[in-house]
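Shown next, in structure tokens, is the structure this report addresses.
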Amino acid sequence: MHRSMAILGTKWKPIIIYALRERKARFGQLHAAIGTISKKVLTDMLKELEADHILLRQEFKELPPRVEYSLTPKGKALIPIMLDLVKWDNSYYEYDKSGHPAKAVTG
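The numbering of the sequence shown is full-length UniProt numbering, which starts it at 1 and goes up by one.
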């Protein structure tokens, strides 16, 4: 559990993994999908996830340069956990139309 929490225990890493659950994405696509993360923090989190073998960074030798991020098999193994977290979140919290937290659901 300690290793898992060391890898996933940040605000942004589970969100990045969830954003990559269905397809590869470029940096700008990830930044747009997540929205509120700074470019510096996203860069740092991507480097850490790559170092932990959760995602793969693929560089294409073309102009302009292109880089795509995708989940490794180790990263894909986390998708069921991410989906369970989304289900739990939706059961206990409400969101406004723009996706911002509105309030906790009691019960």
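Note that CB positions come from ideal geometry on N, CA and C, so glycine has one too.
None of these values were measured; they are calculated from a predicted model.
Asked                                                                                                                                : Found
Under 8 Å, with one C-beta from each stretch per pair, do the stretch 34 to 42 and the stretch 50 to 59 reach the 3-pair mark?       : no
Could you check the C-alpha separation between Leu83 and Leu46 for me, to the nearest Å?                                             : 20 Å
Pick out whichever of Glu62, Lys13, Ile7 has its Cα sitting closest to the Cα of Thr43.                                              : Lys13
Tell me the rounded alpha-carbon separation between Ser91 and Ala102.                                                                : 13 Å
Is Arg26 near Arg66, with beta carbons less than 8 Å apart?                                                                          : yes
Go through its chain and collect everything with a Cβ distance to Glu59's Cβ below 8 Å, but skip five positions before and after it. : Pro65, Arg66, Val67
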